[in-house]
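One structure below.
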Ligand code: NAD
């Protein structure tokens, strides 16, 4: 007779107990969406998604409304903005309120899912926009709650459940939002755990999420390392990566307005948005006027080359921005190099040569280099180089329609803002819907519900056509 090793029995029993406990937790209807480990979170989201399949489109639309209402409650808008600034040490409260509001109000819901149909002698065929199931969404520290609101609306509208992997430095505020959304959704009759995460977000947990067999689609909003990682996962992935948006100003632009727009865009949430102006290319004949007008609108110009280099030593480390300075107030950054900023300073500008690290590195802080170019052609050439081929965002101020068209064709960015602040490109003061996941590398562009869905064909042969 063969004997069984007691250690093997113990480990098998322990594994079964863990599995049962995890499935019980997963099916707990009062779940708040926060799980001890990634497997439990994914299993719970999958169970929620299976129940969600029985909900109607009207139900989905109602749940999307619930997410909007939760996010837009004035006390929640205020809390999320304050908590995110406090926890991440980045950005400013007023602009984070505007960003969260835009995500809640302007992210498309179920109306984004349009059915295509063919009818004729052979019957009726439809292409319907159908869910993936469980989506794994990785969110950045720069827009922590904005991305959760935006992704949750689009992903649930398309019929999915979502497991979030928030940035570890934005855990508390992300947890608060996921808990609050779950509670409101359950109160409105949605399955529990449509939106989940883990108690301790980490790289290991993100990797476990990416590898989990029940996760059918990965959506990555963050820097180049993250996008590379999801694209190497072997799964369908949407990659929304880094930008370094140039703003080109030519001699035909309305310079007063261009200056105001650039200061507004580049100082928005202390330059955290991936879409924000990161360098200016100004045609020589208008460069001085542009800087003069920018200073009138709250920019502080650093002129002393020694001060500019001190600032570069402080905030740039090789090819990266120094994290502790990302998203800080302009006055705090100036203070660190011994400059007392005048009241109302919201942006630091400095004229530098094109090969300066301020131009090359995605700083994500209110420090904006200005490069003088001899003419429009040189400006376009350098803007394309500065954008690093990210195909993310570019801004141009000009009243020359041909020049605007030529620049758009050459730079090939997902967003091209003409004669406005960069944030007009995500629906804040510009026409069009809002997103906080701009998928340049994988081509979905400004993502919305239909980006998080599969196209499925249903064919009915020989009937239901009335032509
Ligand atoms: P980040 O890349 O450091 O982190 C983003 C998320 O990815 C976090 O949750 C982090 O924990 C995770 N992560 C990072 N490296 C990873 C890896 N190798 N494998 C798995 N997970 C990983 O970025 P951040 O500082 O939080 O955000 C700023 C960056 O994100 C900027 O480059 C900005 O341009 C970009 N961004 C892009 C968009 C867009 O829509 N394209 C939106 C917001 C931010």
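In our numbering, the protein residues as written are 3 to 469.
Ideal placement from N, C-alpha and C gives every residue a C-beta, glycine not left out.
{"Query": "In whole angstroms, what separates the C-alpha of residue 251 from that of residue 387?", "Result": "16 Å"}
{"Query": "In the DSSP output, which residue or residues are listed as bridge partners for residue 237?", "Result": "In the DSSP output, where bridge partners are listed per residue, residue 237 has none listed."}
{"Query": "Go through the segment 211 to 257 residue by residue and report every complete run of the beta strand (DSSP E) that reaches 3 residues or more, in order.", "Result": "217 to 223, 238 to 242 and 248 to 251"}
{"Query": "Alpha carbon to alpha carbon, how far is residue 47 from residue 164? Give it in angstroms, no decimals.", "Result": "7 Å"}
{"Query": "Looking only at DSSP bridge pairs, what is residue 302 linked to?", "Result": "350"}
{"Query": "Taking all protein chains shown into account, decide if residue 59 is buried (16 or more other Cβ within 10 angstroms of its Cβ) or exposed.", "Result": "exposed"}
{"Query": "With 16 other CB atoms within 10 Å as the buried threshold, where does residue 114 fall?", "Result": "buried"}
{"Query": "Are three or more beta carbon pairs between the segment 278 to 288 and the segment 324 to 337 nearer than 8 Å?", "Result": "no"}
{"Query": "Can you give me the C-alpha to C-alpha distance between residue 373 and residue 185, rounded to a whole angstrom?", "Result": "51 Å"}
{"Query": "What do you reckon, is the C-beta of residue 342 under 8 Å from a heavy atom of the ligand NAD?", "Result": "no"}
{"Query": "Could you compute how far the alpha carbon of residue 464 sits from the alpha carbon of residue 120?", "Result": "12 Å"}
{"Query": "How about residue 271 and residue 423: do their beta carbons lie closer than 9 Å?", "Result": "no"}
{"Query": "For the beta strand (DSSP E) holding residue 418, just list the boundary residues, first then last.", "Result": "417 to 420"}
{"Query": "Hey, residue 33 and residue 195: beta-carbon distance below 9 Å or not?", "Result": "yes"}
{"Query": "Three-state secondary structure (DSSP) at residue 413?", "Result": "helix"}
{"Query": "I'd like the list of long-range same chain contacts for residue 405, defined as Cβ closer than 7 Å, with 5 residues on each side in sequence excluded.", "Result": "252 and 378"}
{"Query": "When DSSP builds the beta bridges, which residues end up paired with residue 399?", "Result": "251"}
{"Query": "Tell me the rounded alpha-carbon separation between residue 150 and residue 316.", "Result": "32 Å"}
{"Query": "Do the segment 253 to 261 and the segment 214 to 225 touch if we need at least three Cβ pairs shorter than 8 Å?", "Result": "no"}
{"Query": "Given a cut-off of 9 Å on the beta-carbon distance, is the pair residue 246 and residue 394 in contact?", "Result": "yes"}
{"Query": "Suppose contacts are defined by Cβ-Cβ distances below 9 Å. Is residue 106 in contact with residue 62 by that definition?", "Result": "no"}
{"Query": "To the nearest angstrom, how far is it from the Cα of residue 240 to the Cα of residue 430?", "Result": "23 Å"}
{"Query": "Would you report the Cα separation of residue 132 and residue 36, rounded to the nearest angstrom?", "Result": "26 Å"}
{"Query": "Grouping DSSP H, G and I as helix and E and B as strand, with all else coil, what is residue 78?", "Result": "helix"}
{"Query": "Which residues bound the beta strand (DSSP E) around residue 1?", "Result": "Here the chain comprises residues numbered 3 to 469, so residue 1 is not present and cannot be evaluated."}
{"Query": "Would you grab the beta carbon distance between residue 469 and residue 122 for me? Rounded to a whole angstrom, and I think it's under 8 Å.", "Result": "7 Å"}
{"Query": "Specify the secondary structure class of residue 279 as computed by DSSP and reduced to three states.", "Result": "coil"}
{"Query": "Would you check whether the ligand NAP has a heavy atom nearer than 8 Å to the C-beta of residue 245?", "Result": "Absent from the structure shown: the ligand NAP. Ligands present: the ligand NAD."}
{"Query": "Work out the CA separation of residue 161 and residue 135 for me, nearest whole Å.", "Result": "7 Å"}
{"Query": "Using a threshold of 9 Å, state whether the C-beta atoms of residue 295 and residue 260 are closer than that.", "Result": "yes"}
{"Query": "Does any heavy atom of the ligand NAD sit closer than 8 Å to the C-beta of residue 60?", "Result": "no"}
{"Query": "Report yes or no: do three or more beta-carbon pairs, one from the segment 436 to 450 and one from the segment 142 to 156, lie closer than 8 Å?", "Result": "yes"}
{"Query": "Let's test the definition: count the other Cβ atoms within 10 Å of the Cβ of residue 307 and tell me whether it reaches 16, buried, or not, exposed.", "Result": "exposed"}
{"Query": "Could you tell me whether any non-hydrogen atom of the ligand NAD is closer than 8 Å to the CB of residue 145?", "Result": "yes"}
{"Query": "Here's a check: name, in chain order, each residue in its chain whose Cβ is nearer than 6 Å to the Cβ of residue 457, leaving out the five neighbours to either side.", "Result": "129"}
{"Query": "For residue 338, which residues of its own chain have a beta-carbon under 7 Å away from its beta-carbon, when the five flanking residues on both sides are left out?", "Result": "316"}
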